[in-house]
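> Heads up, my numbering is the position in the sequence shown plus 137, with the first residue counted as 1.
Note that beta-carbon positions come from the ideal geometry of N, C-alpha and C, so glycine has one too.
Quick caveat: nothing in here was measured; it's all calculated off a predicted structure.
First the structure, which I've put down as structure tokens, then a few questions once you've had a look.
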Amino acid sequence: MDEERALTEHLGELRKVIIYSVLFIGMCFVIFLIFTQKMIPIVTKEQKLTMLGPLDVIRFYTGIAGSLSLGVSAPFIGLLIWKFIRPALTDLESSKALKFIPAMLVSFAGGILFGFYVVFPFSYQFLLNLGTTNFEMMITTQSYFSFLLMTTIPMGFLFEVPFILMFLTAVEILTPEQLAKSRKYAYVVLAIVSAIITPPDFVSQLIVLIPLFILYEIGIGLSKVIFQKRQKEAAMQANRLPQT
């Protein structure tokens, strides 16, 4: 009976998380949809785009509003998920995770900005110049927006790599030595990711790949700091134990 009651309570809490998340996303969606016209020059960067049909306008507006609402809602949804899973975590995992959450949110925003101001414009202009050499380019709003998402959202997640490595070190899942030994495999994975999210030209891939390598090395460095701090805390705690 106790297990059934606990399961029912967990499902009830999960239901609240889903309902609150959907309501918050819906509220943000309506707000952004109202102001979409004013945001279009920012998103399109005054590029001349083409609509192939009357419904493309609606798809474009709802696409922008939907993406922005999901991005803005992410911290709120993360907070709800945190409250839901926190009882299942140990005190160590809970305290460590709470410290890293703000940094991960900031790094995610930094990755989005890097993608929007560096990766996207360079890749877009390169492909545009490549196409206009032999063809008359006609960029649709749908293709433009899809390419924009492809070169910004993944960068937000990839910029969280150092803090994820720090957290895994803090909760004693990884060590700096393991990360260093896995460097070549990590580089291969990062190279594959870079090839997926960037145009198939060497320069564009380097623009993304080099920061990813740097982020991984930063992650190893921060992991060493956390590991050494953890060892000092363990030594101090051992010294406080009564001698027998």
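If we call anything under 7 Å between Cβ atoms a contact, is Ile334 one with Met303?
Taking the sequence shown and counting its residues from 1, one reaches residue 334 at position 197. Taking the sequence shown and counting its residues from 1, one reaches residue 303 at position 166. Taking 7 Å as the Cβ cut-off, Ile334 and Met303 do not qualify as a contacting pair.
> Taking buried to mean at least 16 other C-beta atoms within 10 Å of its own C-beta, is Val345 buried or exposed?
As a working note, residue 345 is residue 208 in the sequence shown. Buried is the call here.
> Got a sec, what are the start and stop residues for the alpha helix (DSSP H) Gly190 sits in?
On the sequence shown, residue 190 is found 53 positions in, with the first residue counted as 1. No alpha helix (DSSP H) contains Gly190, which DSSP labels as neither H nor E.
> Which same chain residues, not among the five before or five after Phe259, have their C-beta less than 7 Å away from its C-beta?
Position 122 of the sequence shown, counted from the start, is the residue given in the question as residue 259. The residues are Ser341, Ile344.
> Compare the beta carbon distance of Gly252 and Met292 with 7 Å and say whether it is the shorter of the two.
Locating residue 252 in the sequence shown gives position 115, where the first residue counts as 1. Locating residue 292 in the sequence shown gives position 155, where the first residue counts as 1. It is a contact, given that the beta carbons lie within the stated cut-off.
> Tell me, which residues are paired with Thr277 by DSSP?
Here residue 277 refers to the residue found at position 140 of the sequence shown. DSSP lists Thr187 as partners of Thr277.
> In the structure shown, what three-state DSSP assignment does Ile310 receive?
In the sequence shown, the residue the question calls residue 310 occupies position 173. Of the three classes helix, strand and coil, the one that applies to Ile310 here is coil, per DSSP.
> Taking Cβ positions, are Thr187 and Met274 nearer each other than 7 Å?
Counted from its first residue, the sequence shown places residue 187 at position 50. Counted from its first residue, the sequence shown places residue 274 at position 137. The answer is no: Cβ separation not under 7 Å.
> Does DSSP put Lys182 in a helix, in a strand, or in coil?
Within the sequence shown, the letter at position 45 stands for residue 182. Of the three classes helix, strand and coil, the one that applies to Lys182 here is coil, per DSSP.
> By the 10 Å Cβ neighbour count, where 16 or more other Cβ atoms means buried, how is Glu297 classified, buried or exposed?
Taking the sequence shown and counting its residues from 1, one reaches residue 297 at position 160. When all chains shown are included, Glu297 counts as buried.
> Compute the minimum distance between the beta carbon of Thr306 and the heavy atoms of the ligand ZN, and state whether it is under 6 Å.
With respect to the ligand ZN, the structure offers nothing, as it holds no ligand at all.
> Spell out a yes or no on whether the segment 203-212 and the segment 165-173 are touching, meaning 3 or more CB-CB pairs, one atom from each, closer than 8 Å.
Enough Cβ pairs lie closer than 8 Å, so yes.
> Using alpha carbons as the reference points, say which of His147, Arg320, Gly149, Leu160 lies closest to Glu354.
Within the sequence shown, the letter at position 217 stands for residue 354. Residue Arg320 is the option with its Cα nearest to Glu354.
> At 4 residues or longer, and completely inside the segment 311-372: list those alpha helix (DSSP H) runs for me, N to C.
You should have 313-318, 320-334.
> Using only CA atoms, which one of Gly203, Ile329, Phe245 lies nearest to Pro212?
Within the sequence shown, numbered from 1, the residue matching residue 212 stands at position 75. The shortest C-alpha separation from Pro212 is found at Phe245.
> Taking Leu305 as the reference, which of Ile218, Phe237, Leu295 has the closest Cα?
The count along the sequence shown starts at 1 and reaches residue 305 at position 168. For Leu305, the nearest C-alpha among the options comes from Phe237.
> So what's Glu150 in DSSP terms, helix, strand or just coil?
Reading the sequence shown from its first residue, position 13 is the one you call residue 150. Correct three-state label for Glu150: helix.
> Quick check: Tyr157 and Thr173, are their CB atoms within less than 7 Å of each other?
Here residue 157 is taken as the residue at index 20 of the sequence shown, counted from 1. Here residue 173 is taken as the residue at index 36 of the sequence shown, counted from 1. No, they are not a contact pair.
> Among Val154, Leu327, Pro239, which one has its Cα closest to the Cα of Ser214?
Sequence index remark: in the sequence shown, residue 214 carries index 77 (1-based). The question names Ser, yet the displayed sequence has Ile at residue 214. When only C-alpha atoms are compared, the closest one is Val154.
> Spatial neighbours of Leu242 within its chain, please: C-beta separation below 7 Å, excluding the five flanking residues on both sides.
The sequence position of residue 242 within the sequence shown is 105, counting from 1. Same-chain partners within the cutoff: Pro212.
> So Asn266 is in the alpha helix (DSSP H); what residue range does that whole segment cover?
Along the sequence shown, one-based indexing puts residue 266 at 129. Run containing Asn266: 257-269, per the alpha helix (DSSP H) assignment.
> So Ile201 packs on Val180, CB below 8 Å; how close in whole Å?
Numbered from its first residue, the sequence shown carries residue 201 at position 64. Numbered from its first residue, the sequence shown carries residue 180 at position 43. With a Cβ gap of about 6 Å, Ile201 and Val180 count as contacting.
> With a threshold of 16 other CB atoms inside 10 Å of the CB of Val325, please say whether the residue is buried or exposed.
Numbered from its first residue, the sequence shown carries residue 325 at position 188. It is exposed - the Cβ of Val325 has fewer than 16 other Cβ atoms within 10 Å.
> Within its chain, find whatever has a CB closer than 7 Å to the CB of Ala328; leave out the 5 residues flanking it on each side and keep chain order.
Here residue 328 refers to the residue found at position 191 when the sequence shown is read from its first residue. Answer for Ala328: Leu346, listed in chain order.
> If Leu311 sits next to Ser280, beta carbons under 8 Å apart, how far is it from one beta carbon to the other, in whole angstroms?
Position 174 of the sequence shown, counting from 1, holds the residue named residue 311. Position 143 of the sequence shown, counting from 1, holds the residue named residue 280. Leu311 to Ser280, Cβ: 40 Å. No contact.
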